[in-house]
Amino acid sequence: FLSLLSTPIALLLPLPLQVVVDCVIGSGPLPRLLTAILPPRLTGSPESLLGVAAGLLVAVTLLQQLEGFTSWLLQLYTGEQLVLRFRAHLFRHVQRLSLLYHDTAGVSESLYRIQNDAPAMQYVIVNGVVPFVTAVLTLASMLYVTARIDWRLATLAILVLPVLLLLTETYRRGVRARWTRVKESESGALSVIQEVLASIRVVKAFGQEDRERDRFVRGARHALAEQLAVVGAETRFGLLVALVLAVGTAAVLVVGARDVRSGTLTLGSLLLVMAYLAQLYRPLETISKKVAGLQSSLASAARAFSLLDEVPDVAERPQARPLARAAGRMTLRHVSFRERRSASRGRRARARRRCSCCSPGSSIRATARSCSMASICGRTASPTSATRSPSSCRSRCSSRLRSPRTSRMDAREQAASRSSTRLRLPTWTIS
């Protein structure tokens with residue numbers, strides 16, 4: 173709402189100049205708006221009209237600054253709250269994705285989308301849609317007022333609109349894909365840092381610091397080259413927009429000057445039209461550059477929403493009740509594990525295990541006869557199927573397994589495990 177107030181304020185800005193030129197310097201009539209709201213004692217002499225024009229200029233400027241500050245503060249608060257909630261939603265969703273997804277996509281990719289791509293919601297909605305709507309309303313208002321003064325000048329001024337639309341559409345088609353490549357390159361450079369710091373002991377042990385630095389520099393330079401290409405395209409687009417608007421302004425100035433010389437238009441009206449024309453072209457420039465500048469934010473928003481499109485590992489039932497403390501026994505049957513498809517074998521390795529009943533607080537320990545099956549479960553591969561049978565729990569309650577952990581064995585258990593043909597695997601604790 174505050175952004176919409178900028179339109180009538182912008183309409184009042186050139187009014188003091190018209191009063192001074194036509195009513196103080198010249199002998200023209202006072203605009204009907206001021207005649208209706210001002211008392212007769214303020215419009216009787218040129219000195220009083222000059223004071224009215226000066227006071228009106230100060231009041232409109234102060235009102236414009238107050239509206240701009242309040243609107244900026246409100247947009248900042250709204251945008252930060254929107255980004256915070258969207259980041260929290262993304263973070264919660266990422267935690268519910270399978271371990272297989274994190275092993276494949278990498279942690280740095282999810283981190284980049286949460287931290288760098290999520291703020292695109294603020295730029296698209298708060299800094300994009302709201303100024304776009306305000307610019308459209310300002311454009312319509314300025315065009316209407318200019319047409320009331322001289323419809324020929326208004327028609328001549330609006331002829332630049334099809335050219336701007338053509339330039340904007342041509343630019344928009346190619347820049348979205350470029351911005352997507354920029355985001356992917358930056359995410360790739362960030363993944364190098366995450367991988368190196370996660371395995372810093374191995375890197376230092378083999379003296380691979382320089383090699384990893386060169387790998388990071390190559391990724392960062394590729395991202396820089398992509399970004400410079402996008403900036404170059406934006407610069408060319410901005411130059412073309414400014415050139416089209418300058419041609420439109422020059423055409424209106426030439427035609428308006430001829431009308432003033434022929435007596436069909438007053439000098440004050442021409443100055444008012446030129447002032448309105450500057451504010452008419454300003455929203456046109458804003459709309460064109462907003463559409464172009466939003467391509468980066470739209471590319472980031474698409475990456476963030478693609479993360480939300482990933483299916484969670486375990487889908488919660490909508491009517492599930494929160495469970496603070498489980499009570500009763502639980503039976504897990506036909507639990508299966510798998511690992512991702514191997515490129516060399518072309519098949520998936522699986523391990524199946526029938527688990528017995530367990531009481532609250534007890535632990536489930538899986539064993540395997542071969543190292544292959546132990547490796548599958550030891551890497552905490554995602555469970556693919558299981559049957560849960562609660563005996564004294566509510567059927568709609570959600571059950572969870574804690575993160576796998578390796579249990580500690582005493583000397584007697586270690587001796588038993590060495591003599592056994594089965595391999596001991598991580599332990600899952602029923603909560």
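So my numbering is basically just the index in the sequence shown, starting at one, shifted up by 172. All C-beta atoms in this analysis are idealised placements derived from N, C-alpha and C, irrespective of residue type, glycine included.
Rounded to whole angstroms, what is the Cα-Cα separation between residue i and residue j?
i	j	result
Val-317	Leu-311	10 Å
Ala-447	Val-389	51 Å
Leu-221	Ala-208	14 Å
Arg-475	Leu-466	14 Å
Pro-186	Leu-444	6 Å
Val-255	Ser-243	18 Å
Ser-478	Val-354	17 Å
Leu-619	Pro-188	Limits of the chain in this structure are 173 at one end and 603 at the other, which puts residue 619 out of reach.
Ala-292	Phe-263	16 Å
Val-298	Trp-351	20 Å
Val-230	Gly-223	11 Å
Ala-683	Arg-345	With the chain covering 173 to 603 only, the question about residue 683 has no answer from this structure.
Ala-473	His-265	16 Å
Ala-418	Thr-340	17 Å
Ala-260	Trp-323	53 Å
Arg-213	Glu-219	11 Å
Glu-384	Glu-406	33 Å
Leu-183	Val-191	14 Å
Ser-199	Leu-328	29 Å
Arg-430	Glu-358	56 Å
Leu-202	Leu-425	24 Å
Tyr-453	Gly-428	17 Å
Glu-457	Arg-320	23 Å
Leu-206	Thr-421	28 Å
Leu-210	Ala-226	14 Å
Ser-371	Gly-379	12 Å
Phe-241	Val-483	43 Å
Ile-286	Arg-373	28 Å
Gly-216	Leu-228	17 Å
For residue i, which residues in the same chain have their Cβ closer than 6 Å to its Cβ, ignoring the five residues on either side in sequence?
i	result
Thr-179	Leu-309, Thr-310 and Ser-313
Ala-392	Ala-361
His-394	Ser-357
Tyr-295	Ser-469
Gln-247	Val-298
At what residues does the alpha helix (DSSP H) containing residue i begin and finish?
i	result
Ile-209	204-209
Asp-275	271-277
Arg-390	381-434
Tyr-316	302-321
Glu-457	439-480
Gln-294	From DSSP, Gln-294 is part of no alpha helix (DSSP H); its letter is neither H nor E.
Gln-190	187-190
Ile-372	372-377
DSSP on residue i, reduced to helix/strand/coil?
i	result
Arg-493	strand
Arg-268	coil
Leu-333	helix
Glu-219	helix
Val-669	Missing from the structure shown is residue 669; the chain here goes from 173 to 603 and no further.
Leu-177	coil
Gly-251	helix
Glu-488	coil
Gly-198	coil
Ala-182	helix
To which residues of the same chain is residue i closer than 8 Å at the C-beta, ignoring the five residues directly before and after it?
i	result
Lys-462	Gly-300, Pro-303, Phe-304 and Ala-307
Ile-181	Val-232, Leu-235, Gln-236 and Glu-239
Val-432	Thr-438, Leu-439 and Leu-442
Leu-480	His-261, Leu-262 and His-265
Val-368	Val-375, Glu-384 and Phe-388
Gln-366	Gly-278, Val-279, Ser-280 and Leu-283
Leaving out five residues before and five after residue i in sequence, what residues of the same chain have Cβ atoms less than 7 Å from its Cβ?
i	result
Val-193	Leu-439, Gly-440 and Leu-443
Asp-485	Arg-268, Leu-269, Ser-270 and Ser-554
Leu-177	Glu-239
Gln-399	Val-354
Ile-330	Leu-315
Ala-471	Arg-348, Trp-351, Thr-352 and Lys-355
Cys-195	Leu-202 and Leu-221
Ala-326	Leu-315, Thr-318 and Ala-319
Could you confirm whether any beta carbon from chain B is found closer than 8 Å to the beta carbon of residue i?
i	result
Val-193	Absent from the structure: chain B. Only one protein chain is present.
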